[in-house]
Amino acid sequence: DAKTTQPNSMESNEEEPVHLPCNHSTISGTDYIHWYRQLPSQGPEYVIHGLTSNVNNRMASLAIAEDRKSSTLILHRATLRDAAVYYCILQGAQKLVFGQGTRLTINP
Amino acid sequence: DTAVSQTPKYLVTQMGNDKSIKCEQNLGHDTMYWYKQDSKKFLKIMFSYNNKELIINETVPNRFSPKSPDKAHLNLHINSLELGDSAVYFCASSQGQGIGYGYTFGSGTRLTVV
Numbered sequence: 807d808a809k810t811t812q813p814n815s816m817e818s819n820e821e822e823p824v825h826l827p828c829n830h831s832t833i834s835g836t837d838y839i840h841w842y843r844q845l846p847s848q849g850p851e852y853v854i855h856g857l858t859s860n861v862n863n864r865m866a867s868l869a870i871a872e873d874r875k876s877s878t879l880i881l882h883r884a885t886l887r888d889a890a891v892y893y894c895i896l897q898g899a900q901k902l903v904f905g906q907g908t909r910l911t912i913n914p
Numbered sequence: 002d003t004a005v006s007q008t009p010k011y012l013v014t015q016m017g018n019d020k021s022i023k024c025e026q027n028l029g030h031d032t033m034y035w036y037k038q039d040s041k042k043f044l045k046i047m048f049s050y051n052n053k054e055l056i057i058n059e060t061v062p063n064r065f066s067p068k069s070p071d072k073a074h075l076n077l078h079i080n081s082l083e084l085g086d087s088a089v090y091f092c093a094s095s096q097g098q099g100i101g102y103g104y105t106f107g108s109g110t111r112l113t114v115v
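Chains A and B, in that order, give the protein sequences.
Each number in the working numbering comes from the position in the first sequence (counting from 1) with 806 added on.
Each number in the working numbering comes from the position in the second sequence (counting from 1) with 1 added on.
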């Protein structure tokens, strides 16, 4: 399973944009890039995923580097409800392999 | 309507007992999964089923036996429970074979073995 590297923790302020980085230098051409988040005492929640092009949905945007060796999850305007652990996952097979993720703290 | 529902939400039981956790999805997805999250918060896949067929079995002790009576249900039976089985178990589902699709997770079953 291809590996991702994320910062252990990040902090941001409410109503500001948040950019969560993820490095995946060993990504293969068919690996999808997934982002999930897990709020305290809840199950993981799908955020966004993509293959090569940038993706937008109602929750976030996913910016994928041209060489695909890194990606950034963008929360456009953070709220206190966005405080969670965010997981960046490469999916090349029929499973998601979770790493440690980034614990995002949002300051009021 | 809950998309992926698990029962029970909490389960406290003694060592050596046998217990089951049930999972149902109403999304029409073809693939279902069981994940385990231990006390260190690592999420690890245990099993996946596609249209009732076992696809992934990730070196889980054979005390754990998944059963999929139809593609909307995936149950997990655990025999001879051990202290180390204490964890939160999450069920999930996805479309197709699961590649290139988002997963929907249930809210988890917290199993405590005493």
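Glycine included, every Cβ here is placed at the ideal spot set by N, Cα and C.
Apart from the five residues on each side of it in sequence, which residues of its chain come closer than 7 angstroms, Cβ to Cβ, to Val13/B? Thr113, Val115
Can Leu75/B and Met47/B be called in contact, C-beta distance under 8 angstroms? no
Which residues in the same chain have their Cβ closer than 8 angstroms to the Cβ of Ser87/B, if we skip the five residues on either side of it in sequence? Ser40, Leu112, Thr113, Val114
Using C-beta distances below 7 angstroms, list every residue in its chain close to Gln38/B, excluding the 5 sequence neighbours before and after it, in chain order. Leu44, Ala88, Val89, Phe91
Leaving out the 5 sequence neighbours to the left and right, which residues in its chain are closer than 6 angstroms to Pro813/A when beta-carbon positions are compared? Thr908
Is it buried or exposed for His30/B, if we count other Cβ within 10 angstroms and need 16 for buried? buried
Quick check on this structure: which residue in Ile56/B, Glu83/B, Ala73/B has the alpha carbon closest to the alpha carbon of Pro62/B? Glu83/B
Could you confirm whether any beta carbon from chain A is found closer than 8 angstroms to the beta carbon of Thr105/B? yes
Who does Phe904/A pair with in a DSSP beta bridge? Looking at the DSSP assignment, Phe904/A forms no beta bridge with any residue, so it has no partner.
Listed from N- to C-terminal order along the chain, which residues in the segment 80-102 of chain B have their beta-carbon within a distance smaller than 7 angstroms of any beta-carbon of chain A? Phe91, Gln98, Gly99, Ile100, Gly101
Tell me the DSSP secondary structure of Arg887/A in three-state form. helix
Give a yes or no on contact between the segment 876-896 of chain A and the segment 828-845 of chain A, applying the rule of three or more CB pairs nearer than 8 angstroms. yes
Quick check: what's the CA-CA separation for Asn52/B versus Lys72/B? 5 angstroms
Among Tyr36/B, Asn27/B, Tyr102/B, which one has its Cα closest to the Cα of Leu77/B? Tyr36/B
Could you name the residues of the segment 44-59 of chain B whose beta carbon sits closer than 7 angstroms to any beta carbon of chain A, in the order they occur along the chain? Leu44, Ile46, Ser49, Ile56, Ile57
Does the segment 4-11 of chain B come close enough to the segment 872-880 of chain A to have 3 or more Cβ pairs within less than 8 angstroms? no
Checking contacts by CB at 8 angstroms: is Ser108/B closer than that to chain A? yes
From Gly101/B, Pro67/B, Thr110/B, Ser49/B, residue whose alpha carbon lies closest to that of Thr858/A: Gly101/B
Against chain B: residues of the segment 832-859 of chain A by CB proximity under 9 angstroms: Thr836, Tyr838, His840, Tyr842, Gln844, Ser847, Gln848, Gly849, Pro850, Glu851, Tyr852, Val853, Ile854, His855, Leu857
Cβ-based neighbour list, Leu826/A, same chain, cut-off 6 angstroms, excluding 5 preceding and 5 following: Leu879, Tyr892, Thr908
Within-8 angstroms CB hit, Gln812/A to chain B: no
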